[in-house]
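Some notes on the structure that comes next.
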Amino acid sequence: MYRKHGYVPSEELLSEVVVGVDTKDSVAETVGVPAAEGVLTDGGYYYVSTLMRRRGPSATKPVSRELVAINFNDQGVVTGIERYGLEQGRVIPLQRRVTSSNVQDKTFLRQLLGSLGNFGPGGLIE
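Numbering-wise, the working numbering puts 40 at position 36 of the sequence shown, and it's gapless, one number per residue.
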């Protein structure tokens with residue numbers, strides 16, 4: 005039996021968000037406010053979805069996990085949209101739409117996953 009937890013906006017919805025133009029308010033109206041808002045101090049929106057599988061009496065295990073991060077500057081304007089998946093315990097970027105000022109911040113995912121129980125991305129799949 006499979007069970008999906010969380011919410012990640014579809015590609016269609018994300019394509020409506022324009023980097024450098026849209027704001028937090030317009031993103032919230034277009035794709036919704038994520039449950040993970042405010043986990044980090046940078047004010048980004050983080051959408052997380054996990055597909056879990058259960059076979060008989062065995063423990064439930066994650067089959068896949070996806071994370072979409074929408075980052076904002078100090079004025080609340082979108083600076084980047086990034087989609088990540090987890091493959092064999094490693095974070096894999098599936099898609100990135102960012103402005104040049106956001107490329108230097110590569111630790112937000114580690115911070116996010118570290119703040120959700122103090123463990124690294126590799127520990128999520130075990």
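Beta carbons are placed, not taken as given, at the ideal position from N, Cα and C, and that holds for glycine.
Check	Outcome
Whole angstroms are fine: how far does the CA of Gly89 sit from the CA of Ala132?	Absent from the model: residue 132. The displayed extent of the chain is 5 to 130, so no value can be given.
Can you grab the Cα-Cα spacing for the pair Tyr51 / Pro38, in whole Å?	5 Å
What separation, rounded to the nearest whole angstrom, lies between the Cα atoms of Arg59 and Gly48?	36 Å
Considering Ala73, what are the terminal residues of the beta strand (DSSP E) in which it resides?	Lys65 to Phe76
Pull up the distance between the alpha-carbon of Pro13 and that of Ser19, whole angstroms please.	10 Å
Please go through the same chain and pick out, in chain order, the residues whose beta-carbon is closer than 6 Å to the beta-carbon of His9, but skip the five residues on each side of it.	Thr54
In angstroms, rounded to a whole number, what distance separates the CA positions of Val66 and Arg7?	A quick correction: the sequence has Pro, not Val, at residue 66. Those two C-alpha atoms are separated by around 9 Å.
Please classify Asn75 as buried or exposed, where buried requires at least 16 other C-beta atoms within 10 Å of its C-beta.	buried
Give me, in chain order, the residues of the same chain whose beta-carbon lies closer than 6 Å to that of Val35; leave out the 5 immediate sequence neighbours on both sides.	Pro13 and Leu17
Tell me which same chain residues have a C-beta within less than 6 Å of the C-beta of Val107, skipping the five on either side of it?	Only weak support is given to the placement of Val107: the predicted model assigns it a pLDDT of 42, under 50, and the question is left unresolved by the model.
Can you tell me the Cα-Cα spacing of Ala32 and Gly84, whole angstroms?	15 Å
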